[in-house]
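With numbering that gives the first Met the number 0 applied, the sequence shown corresponds to residues 0 to 405, in that order.
Comments concern the structure below.
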Amino acid sequence: MLSGTAAARAAQQPVGQIYGGAPVVGAGHCTAPPPAPDLPAGDAAPDLLWPQQKLGLSQAGVWYLNRGKDVTVAVVDTGVDPSNPAFGPEAVLPGPSVVDPGDTADYDCSGHGTAVAAIIAGRQSGLFGFTGVAPEAQILPIRQSYDPKTPGSSVKLADAIRTATAAGARIINISIGVPDDSPQLRSAVQNALASDVLIVAAVGPWPKSYPAAIPGVLAVGAINDDGSAVDSRPRGGNGAGTPALVSAPGGRMAVPAAGYPDGLTAMQGTDLAAPFVSGVAALVLSYRPTLHNWQVVQRLEATADPPVTNPSSAPGTPASADPVTGYGVVDPYRAVSEDLPDERRPDPSIGPGVIVSPAAAAMPGHDAGASRVALGVSAAGVLALAAPVAVAAARRGRVKGSRAGV
């Protein structure tokens with residue numbers, strides 16, 4: 000009998016040549032092959048690779064200093080296709096699904112999670128000029144949804160955050176947020192923050208986007224190639240939406256297409272801006288591994304390129320945040336290289352004089368506030384889900400600085 004992964008891949012046959020390349024054998028869990036690339040095979044169109052140029056991703060730029068080695072980024076999304084040529088042989092760790100407990104996240108029916116992961120850690124593979132921000136970082140995929148247009152519940156998202164925290168991820172990227180808050184989600188976020196994990200989340204098209212609207216989470220907005228803001232206002236125009244703290248490229252761009260070995264496709268949105276920020280955070284943590292999560296946030300804000308209409312009052316000091324673009328567009332080179340004189344100051348988001356540090360009462364699986372919230376999520380169950388991920392990663396020597404067993 001085939002293993003679950005092998006059986007899934009054997010269940011669906013290739014469907015033949017499609018514009019942008021033929022798909023590899025897909026997962027039987029998918030009711031249809033992933034969306035075909037909408038760009039000609041072998042041609043990404045240089046203007047669709049503007050984010051790489053905007054952020055200065057090159058050997059002469061930030062990669063001269065760092066490429067994200069020894070940092071694991073959890074991608075809470077639709078799964079990731081590890082066979083995509085955007086990834087190196089061991090770039091994608093085995094990850095679980097919180098949608099179907101016991102299932103894996105090593106296939107991607109929509110292609111969304113693969114695109115997000117490639118933006119974070121895609122290698123310089125010659126895939127038509129595409130590259131990720133931190134090509135030596137590793138990805139831990141966790142499936143929260145099969146379709147980015149169906150984000151799922153805040154309780155499932157809480158499951159995913161706890162799983163990523165327990166597995167030792169330094170950064171959690173959430174490009175598919177939810178419109179509803181819950182005690183379980185807030186508890187999972189606080190547990191992650193207390194465990195020194197950085198949560199990066201896209202703002203979404205709702206009056207409030209979660210977890211981006213939760214204090215301590217780095218909320219991300221987006222810009223187009225001309226520097227204008229990508230509209231992230233709520234559907235229907237009601238309210239201003241969740242304010243961003245920083246922004247990144249999110250206008251129409253070329254990204255790898257899941258399930259197609261030679262295809263790129265065009266996508267856009269704040270959901271694609273978040274992984275650019277996660278990639279920059281991975282560069283920072285790889286170069287400066289002793290920084291806490293709040294220090295990384297402070298660094299990204301202070302070194303961002305401020306909006307033209309909202310200039311900083313002094314070098315190295317963030318301007319007041321714009322609701323849509325935050326303190327500005329992240330700058331990888333400055334974020335990694337600059338020395339900030341006030342980097343050791345207390346985290347202002349949790350009160351004066353209090354410095355964030357992992358506490359025994361808030362280690363993964365032991366949340367002091369969990370007993371005071373609805374018990375729809377079992378911490379033991381989440382740890383059971385995450386344990387195989389942590390063990391597999393530890394055996395391969397890939398999850399560094401894990402706090403799961405502290």
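Here a beta-carbon is modelled for each residue, glycine too, at the ideal position from N, C-alpha and C.
Give the range of the alpha helix (DSSP H) segment to which residue i is assigned.
i	result
SER186	182-193
ILE173	Run containing ILE173: none in the alpha helix (DSSP H); it sits in the beta strand (DSSP E), 170-173.
SER336	331-336
ALA200	Not the alpha helix (DSSP H): ALA200 falls in the beta strand (DSSP E), residues 197-201.
LEU263	Note, LEU263: premise wrong, no alpha helix (DSSP H); beta strand (DSSP E) at 263-266.
ALA90	Run containing ALA90: none; DSSP gives neither H nor E here.
PRO50	49-53
PHE275	269-286
Which residues mark the beginning and the end of the beta strand (DSSP E) in which residue i is found?
i	result
ILE213	Taken as a continuous stretch (DSSP letters only), ILE213 belongs to no beta strand (DSSP E), as it is neither H nor E.
GLN137	137-142
THR71	71-76
SER246	245-248
PRO255	252-255
Which residue's Cα is closest to the Cα of residue i: the options?
i	options	result
ASP195	PRO214, PRO147, PRO34, ALA168	ALA168
GLN49	TYR286, ALA272, VAL295	In the sequence as displayed, the identity of residue 49 is Trp instead of Gln. With distances taken between Cα atoms, TRP49 lies closest to ALA272.
LEU156	GLY128, ILE173, LYS148, ASP146	ILE173
VAL245	SER285, ALA334, TYR286	ALA334
ALA73	GLY268, SER57, PRO274, MET252	PRO274
SER109	THR149, LYS207, GLN52	THR149
ALA228	VAL295, PRO248, VAL216, GLU337	PRO248
ALA281	ALA257, VAL199, GLY220, THR302	VAL199
VAL323	LEU290, VAL279, PRO340, ALA201	ALA201
SER82	ASP105, PRO95, VAL70, ARG298	ASP105
SER96	VAL283, ALA159, THR71	ALA159
ALA90	ILE138, TRP205, GLY268	ILE138
SER57	GLN123, GLY101, PRO34	GLN123
So, at 7 Å on beta carbons, what are the nonlocal neighbours of residue i in its own chain, with the 5 sequence-adjacent residues on each side left out?
i	result
THR30	none
THR417	This structure does not reach residue 417, given that the chain is present from 0 up to 405, and the question cannot be answered.
SER144	THR77, VAL98, PRO150, GLY151, ILE175
SER455	Residue 455 is absent from the model: the chain starts at 0 and stops at 405.
ASP80	TYR106, ASP107, THR113, ALA257, GLY258
ARG66	ALA133, PRO134, GLU135
Let me confirm a value: residue i is counted as buried when at least 16 other C-beta atoms fall within 10 Å, else exposed. Which label applies?
i	result
SER277	buried
GLN183	buried
TYR63	exposed
PRO88	exposed
GLY327	buried
GLY415	This structure does not reach residue 415, given that the chain is present from 0 up to 405, and the question cannot be answered.
GLY235	Low confidence applies here, because GLY235 scores a pLDDT of 43, under 50, leaving its location unreliable; read the following figure in that light. Exposed.
Once the 5 residues before and after residue i are set aside, which same chain residues still bring their CB inside 6 Å of it?
i	result
SER152	none
ALA212	THR241
ASP224	TRP49, GLY250
GLY203	GLY176
ARG287	none
GLY60	TYR332
LEU217	VAL199, LEU244, VAL296
GLN52	none
Can you list, in chain order, the residues of its chain with a C-beta nearer than 8 Å to that of residue i? Leave out the 5 residues immediately preceding and following it.
i	result
LYS68	GLU135, ALA136, SER285
GLY121	ALA85, PHE86, PHE129, THR130, GLY131, PRO134, PRO255
Does residue i come within less than 8 Å of chain B when only Cβ atoms are used?
i	result
TRP205	Protein chains in the displayed structure number just one, and chain B is not present.
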